[in-house]
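I have placed the structure first, in the form of C-alpha coordinates, so that the comments after it can refer back to it.
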Amino acid sequence: MLTAIHPVTREDAIQLAAQSPLSELLAAATALRAQGKGTVITFSKKVFIPLTTLCRDYCSYCTFRKDPGQPGAHFMTPEEVLALAERGRHAGCKEALFSLGDQPEKIFPEAREFLRAQGYSRTLDYLAAMSELVLEKTGLLPHANPGLMDQAALKRLKDSNASVGLMLENVSPRLMRDGLPHAKAPDKVPALRLRTIEEAGKLSIAFTTGILIGIGETMDERIDSLLAIRTLHEKYGHIQEVIIQNFRAKPEIPMAAHPEPSLKDMLRTIAIARLIL
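Right, dumping it as C-alpha coordinates:
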(Lines of atoms letter the chains of each structure in order from A and count residues from 1; the text may use other names and numbers.)
(Lines give C-alpha, C1' and ligand atoms only; values in the text may rest on other atoms or scores of the structure.)
Protein backbone atom coordinates (compact mmCIF):
# COMPACT_ATOMS: atom_id res chain seq x y z
CA MET A 1 0.00 0.00 0.00
CA LEU A 2 1.41 3.36 -1.06
CA THR A 3 1.76 5.89 1.75
CA ALA A 4 1.66 9.61 1.05
CA ILE A 5 5.13 11.12 0.64
CA HIS A 6 5.29 14.77 1.56
CA PRO A 7 6.78 16.90 0.27
CA VAL A 8 7.05 15.07 -3.05
CA THR A 9 10.23 15.73 -5.02
CA ARG A 10 10.47 15.75 -8.80
CA GLU A 11 12.09 12.32 -8.73
CA ASP A 12 9.37 11.01 -6.39
CA ALA A 13 6.61 12.31 -8.64
CA ILE A 14 8.11 10.88 -11.83
CA GLN A 15 8.55 7.48 -10.18
CA LEU A 16 5.04 7.50 -8.69
CA ALA A 17 3.47 8.46 -12.02
CA ALA A 18 5.34 5.76 -13.92
CA GLN A 19 5.29 2.85 -11.50
CA SER A 20 2.50 3.12 -8.92
CA PRO A 21 -0.84 1.36 -9.49
CA LEU A 22 -3.60 3.91 -10.04
CA SER A 23 -5.66 2.57 -7.14
CA GLU A 24 -2.78 3.13 -4.71
CA LEU A 25 -2.10 6.63 -6.07
CA LEU A 26 -5.75 7.57 -5.63
CA ALA A 27 -5.85 6.17 -2.10
CA ALA A 28 -2.74 8.10 -1.07
CA ALA A 29 -4.03 11.31 -2.65
CA THR A 30 -7.41 10.87 -0.95
CA ALA A 31 -5.79 10.35 2.45
CA LEU A 32 -3.62 13.44 2.06
CA ARG A 33 -6.59 15.53 0.94
CA ALA A 34 -8.76 14.34 3.82
CA GLN A 35 -5.97 15.15 6.26
CA GLY A 36 -5.43 18.66 4.92
CA LYS A 37 -8.85 19.73 3.67
CA GLY A 38 -11.41 17.28 5.01
CA THR A 39 -14.19 15.79 2.90
CA VAL A 40 -16.57 18.73 2.47
CA ILE A 41 -16.75 20.18 -1.05
CA THR A 42 -17.58 23.88 -1.22
CA PHE A 43 -18.56 25.93 -4.26
CA SER A 44 -19.49 29.45 -5.25
CA LYS A 45 -22.04 30.18 -7.96
CA LYS A 46 -20.72 32.46 -10.70
CA VAL A 47 -22.03 34.13 -13.81
CA PHE A 48 -19.78 33.82 -16.86
CA ILE A 49 -19.04 37.17 -18.54
CA PRO A 50 -17.14 36.78 -21.87
CA LEU A 51 -15.93 40.38 -22.07
CA THR A 52 -14.42 39.80 -25.50
CA THR A 53 -13.84 36.77 -27.69
CA LEU A 54 -11.16 38.59 -29.70
CA CYS A 55 -7.65 37.36 -28.94
CA ARG A 56 -4.20 37.77 -30.43
CA ASP A 57 -3.25 34.16 -29.64
CA TYR A 58 -4.05 31.20 -31.88
CA CYS A 59 -3.86 28.17 -29.59
CA SER A 60 -4.57 25.00 -31.56
CA TYR A 61 -7.10 23.69 -29.02
CA CYS A 62 -9.16 26.83 -28.38
CA THR A 63 -12.86 27.19 -29.23
CA PHE A 64 -13.35 30.50 -27.39
CA ARG A 65 -11.33 32.96 -29.48
CA LYS A 66 -12.63 34.62 -32.63
CA ASP A 67 -11.31 36.97 -35.29
CA PRO A 68 -13.31 40.10 -36.18
CA GLY A 69 -16.08 39.18 -38.58
CA GLN A 70 -16.41 35.59 -37.41
CA PRO A 71 -19.66 34.44 -35.79
CA GLY A 72 -19.41 35.10 -32.07
CA ALA A 73 -16.73 37.79 -32.36
CA HIS A 74 -17.75 40.45 -29.85
CA PHE A 75 -16.69 43.06 -27.31
CA MET A 76 -19.32 43.50 -24.59
CA THR A 77 -20.48 47.03 -23.86
CA PRO A 78 -20.86 48.25 -20.26
CA GLU A 79 -24.63 47.92 -20.66
CA GLU A 80 -24.31 44.29 -21.77
CA VAL A 81 -21.92 43.50 -18.94
CA LEU A 82 -24.21 44.99 -16.32
CA ALA A 83 -27.32 43.31 -17.73
CA LEU A 84 -25.66 39.89 -17.66
CA ALA A 85 -24.31 40.45 -14.16
CA GLU A 86 -27.80 41.41 -12.95
CA ARG A 87 -29.21 38.20 -14.43
CA GLY A 88 -26.55 36.28 -12.55
CA ARG A 89 -27.34 38.05 -9.30
CA HIS A 90 -31.04 37.28 -9.66
CA ALA A 91 -30.13 33.63 -10.27
CA GLY A 92 -28.27 33.48 -6.96
CA CYS A 93 -24.71 33.94 -8.17
CA LYS A 94 -22.07 35.37 -5.83
CA GLU A 95 -19.23 35.86 -8.31
CA ALA A 96 -18.73 37.30 -11.80
CA LEU A 97 -16.14 35.43 -13.87
CA PHE A 98 -14.67 37.70 -16.52
CA SER A 99 -13.17 35.64 -19.31
CA LEU A 100 -11.61 37.25 -22.38
CA GLY A 101 -9.03 37.02 -25.10
CA ASP A 102 -5.48 38.18 -24.55
CA GLN A 103 -4.54 41.69 -25.73
CA PRO A 104 -6.62 41.77 -28.94
CA GLU A 105 -5.79 45.45 -29.44
CA LYS A 106 -2.24 44.40 -30.31
CA ILE A 107 -3.35 42.99 -33.69
CA PHE A 108 -6.96 44.01 -34.40
CA PRO A 109 -7.90 47.61 -35.31
CA GLU A 110 -11.51 46.71 -34.47
CA ALA A 111 -10.48 46.10 -30.86
CA ARG A 112 -8.58 49.39 -30.70
CA GLU A 113 -11.58 51.25 -32.13
CA PHE A 114 -13.97 49.73 -29.59
CA LEU A 115 -11.66 50.53 -26.69
CA ARG A 116 -11.10 54.07 -27.93
CA ALA A 117 -14.86 54.63 -28.13
CA GLN A 118 -15.15 53.52 -24.49
CA GLY A 119 -12.27 55.74 -23.41
CA TYR A 120 -9.52 53.15 -23.01
CA SER A 121 -6.37 52.08 -24.83
CA ARG A 122 -5.93 48.62 -23.29
CA THR A 123 -8.32 45.73 -22.80
CA LEU A 124 -6.91 45.28 -19.30
CA ASP A 125 -7.94 48.82 -18.34
CA TYR A 126 -11.43 48.25 -19.73
CA LEU A 127 -11.64 45.00 -17.77
CA ALA A 128 -10.73 46.80 -14.55
CA ALA A 129 -13.45 49.37 -15.17
CA MET A 130 -16.05 46.66 -15.85
CA SER A 131 -14.99 44.80 -12.70
CA GLU A 132 -15.50 47.97 -10.69
CA LEU A 133 -18.87 48.55 -12.36
CA VAL A 134 -20.16 45.07 -11.57
CA LEU A 135 -18.95 45.19 -7.97
CA GLU A 136 -20.49 48.61 -7.37
CA LYS A 137 -23.83 47.99 -9.08
CA THR A 138 -24.53 44.33 -8.27
CA GLY A 139 -22.33 43.33 -5.33
CA LEU A 140 -21.07 40.31 -7.25
CA LEU A 141 -17.41 39.55 -6.59
CA PRO A 142 -15.38 39.79 -9.81
CA HIS A 143 -12.80 37.19 -10.78
CA ALA A 144 -10.78 38.30 -13.81
CA ASN A 145 -9.13 35.81 -16.16
CA PRO A 146 -7.66 37.98 -18.94
CA GLY A 147 -4.36 36.31 -19.82
CA LEU A 148 -1.04 37.99 -19.15
CA MET A 149 -1.13 40.91 -16.71
CA ASP A 150 1.55 43.41 -15.80
CA GLN A 151 2.00 44.85 -12.32
CA ALA A 152 -0.05 47.97 -13.09
CA ALA A 153 -3.02 45.91 -14.28
CA LEU A 154 -2.81 43.59 -11.29
CA LYS A 155 -2.72 46.51 -8.87
CA ARG A 156 -5.88 47.97 -10.35
CA LEU A 157 -7.67 44.63 -10.56
CA LYS A 158 -6.85 44.00 -6.90
CA ASP A 159 -9.09 46.92 -5.94
CA SER A 160 -12.23 45.24 -7.29
CA ASN A 161 -11.49 41.52 -7.75
CA ALA A 162 -11.84 38.93 -5.01
CA SER A 163 -9.34 36.83 -6.93
CA VAL A 164 -7.61 36.71 -10.32
CA GLY A 165 -6.72 33.81 -12.58
CA LEU A 166 -4.29 32.69 -15.26
CA MET A 167 -3.80 29.11 -16.37
CA LEU A 168 -0.12 28.25 -16.53
CA GLU A 169 -1.10 25.55 -19.09
CA ASN A 170 2.40 24.05 -19.15
CA VAL A 171 5.85 25.21 -18.14
CA SER A 172 7.57 23.63 -21.16
CA PRO A 173 8.62 26.02 -23.97
CA ARG A 174 8.73 22.98 -26.25
CA LEU A 175 4.99 23.36 -26.83
CA MET A 176 5.70 26.64 -28.67
CA ARG A 177 7.62 24.92 -31.46
CA ASP A 178 6.21 24.86 -35.00
CA GLY A 179 3.33 22.43 -35.31
CA LEU A 180 2.66 22.32 -31.57
CA PRO A 181 -0.32 23.91 -29.73
CA HIS A 182 1.29 27.22 -28.69
CA ALA A 183 3.32 27.91 -31.85
CA LYS A 184 1.08 30.88 -32.73
CA ALA A 185 0.40 32.06 -29.18
CA PRO A 186 2.93 34.69 -28.04
CA ASP A 187 1.21 35.03 -24.67
CA LYS A 188 1.79 31.35 -23.85
CA VAL A 189 5.53 31.80 -23.27
CA PRO A 190 5.91 29.96 -19.93
CA ALA A 191 8.28 32.53 -18.43
CA LEU A 192 5.76 35.31 -19.06
CA ARG A 193 2.94 33.36 -17.44
CA LEU A 194 5.07 32.50 -14.44
CA ARG A 195 5.95 36.18 -14.13
CA THR A 196 2.27 37.15 -14.00
CA ILE A 197 1.60 34.56 -11.29
CA GLU A 198 4.61 35.79 -9.33
CA GLU A 199 3.63 39.46 -9.64
CA ALA A 200 0.21 38.55 -8.24
CA GLY A 201 1.97 36.85 -5.35
CA LYS A 202 4.03 39.95 -4.62
CA LEU A 203 0.74 41.87 -4.39
CA SER A 204 -0.92 39.20 -2.21
CA ILE A 205 -3.68 38.62 -4.76
CA ALA A 206 -5.61 35.36 -4.33
CA PHE A 207 -4.87 33.45 -7.52
CA THR A 208 -6.27 30.58 -9.56
CA THR A 209 -4.03 28.72 -11.99
CA GLY A 210 -3.61 25.22 -13.39
CA ILE A 211 -2.41 22.97 -16.16
CA LEU A 212 -3.95 21.72 -19.39
CA ILE A 213 -3.33 18.05 -20.11
CA GLY A 214 -3.53 16.07 -23.34
CA ILE A 215 -2.11 18.69 -25.73
CA GLY A 216 1.10 16.84 -26.50
CA GLU A 217 2.97 17.33 -23.24
CA THR A 218 4.74 14.54 -21.37
CA MET A 219 4.02 13.43 -17.82
CA ASP A 220 7.39 14.86 -16.80
CA GLU A 221 6.30 18.25 -18.21
CA ARG A 222 3.05 18.07 -16.25
CA ILE A 223 5.03 17.36 -13.10
CA ASP A 224 7.44 20.23 -13.80
CA SER A 225 4.45 22.55 -14.25
CA LEU A 226 2.89 21.50 -10.95
CA LEU A 227 6.22 21.93 -9.18
CA ALA A 228 6.56 25.44 -10.61
CA ILE A 229 3.14 26.30 -9.20
CA ARG A 230 4.09 24.81 -5.84
CA THR A 231 7.32 26.81 -5.74
CA LEU A 232 5.47 30.09 -6.31
CA HIS A 233 2.89 29.26 -3.65
CA GLU A 234 5.58 28.32 -1.14
CA LYS A 235 7.15 31.73 -1.73
CA TYR A 236 4.01 33.90 -1.68
CA GLY A 237 1.14 31.79 -0.29
CA HIS A 238 -1.38 33.21 -2.74
CA ILE A 239 -2.54 30.33 -4.93
CA GLN A 240 -6.08 29.38 -3.93
CA GLU A 241 -6.92 26.86 -6.64
CA VAL A 242 -5.07 24.63 -9.12
CA ILE A 243 -7.15 23.35 -12.02
CA ILE A 244 -6.33 20.14 -13.89
CA GLN A 245 -8.09 20.73 -17.20
CA ASN A 246 -8.41 18.04 -19.85
CA PHE A 247 -8.16 18.72 -23.58
CA ARG A 248 -11.35 18.04 -25.56
CA ALA A 249 -11.28 17.62 -29.33
CA LYS A 250 -13.79 19.80 -31.21
CA PRO A 251 -14.47 19.76 -34.96
CA GLU A 252 -13.67 23.45 -35.51
CA ILE A 253 -10.15 23.47 -34.03
CA PRO A 254 -6.78 22.56 -35.61
CA MET A 255 -6.43 19.74 -33.06
CA ALA A 256 -9.76 18.18 -34.02
CA ALA A 257 -8.15 14.78 -34.66
CA HIS A 258 -5.85 14.89 -31.62
CA PRO A 259 -6.59 12.15 -29.05
CA GLU A 260 -8.09 13.21 -25.74
CA PRO A 261 -6.54 12.14 -22.43
CA SER A 262 -8.20 9.06 -20.99
CA LEU A 263 -10.09 9.01 -17.70
CA LYS A 264 -7.28 7.00 -16.12
CA ASP A 265 -4.72 9.54 -17.34
CA MET A 266 -6.81 12.34 -15.86
CA LEU A 267 -7.15 10.52 -12.53
CA ARG A 268 -3.44 9.74 -12.38
CA THR A 269 -2.57 13.38 -13.03
CA ILE A 270 -5.02 14.63 -10.40
CA ALA A 271 -3.59 12.20 -7.85
CA ILE A 272 -0.01 13.26 -8.60
CA ALA A 273 -1.10 16.91 -8.35
CA ARG A 274 -2.62 16.33 -4.91
CA LEU A 275 0.56 14.65 -3.70
CA ILE A 276 2.78 17.43 -5.09
CA LEU A 277 0.65 20.30 -3.85
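Residues are numbered in our numbering as their position in the sequence shown, beginning at 1, plus a constant of 211. Using N, Cα and C, we set each Cβ at its ideal position, and we do this for glycine too.
| Check | Outcome |
| --- | --- |
| C-beta contact flag for G425 and I454 at 8 Å | no |
| Rounded C-alpha distance that separates T419 from L236 | 25 Å |
| Inter-residue CB distance, L346 and P357 (contact presumed, cutoff 8 Å) | At roughly 16 Å, the Cβ-Cβ gap does not stay under 8 Å, so L346 and P357 are not in contact. |
| F275 - DSSP class collapsed to helix/strand/coil | coil |
| Member of V382, C304 and A394 whose CA lies at the smallest distance from the CA of R404 | V382 |
| Sequence-distant residues of its chain with Cβ nearer than 6 Å to M430 (five each side left out) | A228 |
| Cβ distance (whole Å) where I490 is taken to contact V219 below 8 Å | With the chain running from 212 to 488 in the structure shown, residue 490 is simply not present. |
| C-alpha gap between Y447 and R441, whole angstroms | 10 Å |
| A482 - containing alpha helix (DSSP H), residue span | L474 to I487 |
| 8 Å contact criterion, which S371 and A339 should meet: CB distance rounded | 7 Å |
| Integer-rounded CB distance, given that V258 should sit under 8 Å from A296 | 6 Å |
| L262 beta carbon less than 8 Å from that of A322 | no |
| Environment of A439 [buried if 16+ CB atoms lie within 10 Å] | buried |
| Which of helix, strand or coil DSSP assigns to A328 | helix |
| Residue ranges of each beta strand (DSSP E) within the segment 213-289, 3 or longer | 257-263 |
| From S415, E306 and D476, residue whose alpha carbon lies closest to that of K369 | S415 |
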